[in-house]
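Mapping the sequence shown onto the UniProt record's numbering, position 153 (from 1) lands on 153, and the numbers just tick up by one.
Idealized CB from N, CA, C, for every residue including glycine.
What follows is a set of notes on a single structure, which appears directly below.
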Amino acid sequence: MNWQKLLEIQGGLDEHIIDSKGLEGQELLDKKILALQVELGELANEWRGFKFWSDDQEAKTNQFCLHKLEWTNPLLEEYVDCLHFILSISLSLGITHEDIVVEDDLTGETVTETFNELFGYITALYTLKEVNIPASITFDDIQASVNELIECFVGLGEKHLGFSWDEVEKAYLDKNKINHARQENGY
Ligand SMILES: O=c1ccn([C@H]2C[C@H](O)[C@@H](COP(=O)(O)O)O2)c(=O)[nH]1
């Protein structure tokens with residue numbers, strides 16, 4: 001996992017978005033945290049395995065996209081959208097590649113449990129950031145919270161959704177290019 005490369009590439013996209021939308025100096029962290037919650041919900045929706053009321057609980061991993069006229073993997077696409085926001089949030093919090101340590105398996109036993117835990121880790125990070133007495137929060141607390149989120153997220157992808165990290169990085173780079181192009185084309 002090349003966190004240094006991913007953070008650099010993410011930083012380039014974030015700067016491009018800030019430049020093209022004229023957002024210099026604006027506090028965007030709250031919106032990025034909400035965006036991550038939304039993308040995680042979209043990922044769960046493509047996974048479908050929690051829809052006990054439906055006959056279709058198969059993950060959407062192979063769908064013909066009429067817009068792109070090609071076969072796509074909606075599950076992987078949502079996963080790398082989440083990865084974009086995790087990296088972007090990390091950068092906003094001053095996290096560098098040296099702070100990211102993926103060593104523990106923080107995934108739950110089931111996919112449902114793991115999604116619920118991830119929402120919890122995102123909320124924990126938000127709560128930490130919003131704490132009334134900022135002096136009581138250290139960078140170590142933020143670093144630990146980001147690492148828990150990343151460890152659980154990586155485990156979700158590799159252990160529960162069956163992605164190799166190579167395919168995740170490749171899909172991330174593809175989507176990153178699309179995100180740059182969207183800014184050029186007035187998204
Ligand atoms: O500061 C930002 C804002 C957005 N995105 C990316 C993450 C997702 O890949 C994509 C979300 O686009 P929608 O398709 O949800 O609009 O934008 C970033 O990387 N950084």
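query	result
Ligand 2 and L13: does the residue's C-beta get closer than 7 Å to at least one heavy atom of that ligand?	Among the ligands in the structure shown, ligand 2 does not appear; only ligand 1 can be found there.
Which class does W165 belong to by DSSP, given the choice of helix, strand or coil?	helix
Just checking H84 against ligand 1 - is the residue's beta carbon closer than 7 Å to any of the ligand's heavy atoms?	yes
Run the proximity test for D19: is its beta-carbon closer than 7 Å to any non-hydrogen atom belonging to ligand 1?	no
What residues match up with Q63 in a beta bridge as DSSP calls it?	T72
Would D141 and S88 be called neighbours here (beta carbons separated by less than 8 Å)?	no
Skipping 5 residues on each side, what residues in its chain have a beta carbon closer than 6 Å to that of E78?	E42, L43 and E46
To which residues of the same chain is F85 closer than 7 Å at the C-beta, ignoring the five residues directly before and after it?	K32, A35, L36 and E39
Just how far apart, CA to CA, sit L75 and V168?	11 Å
Drop a sphere of 10 angstroms on the beta-carbon of D166, count the other beta-carbons inside from all chains shown, and report buried for 16 or more, exposed for fewer.	exposed
Can you tell me the Cβ-Cβ gap for D105 and G49, rounded? I've got them flagged as a contact below 8 Å.	Contact flag wrong, Cβ pair sits at about 20 Å.
Using only the alpha-carbon positions, how far apart do N62 and E70 sit?	10 Å
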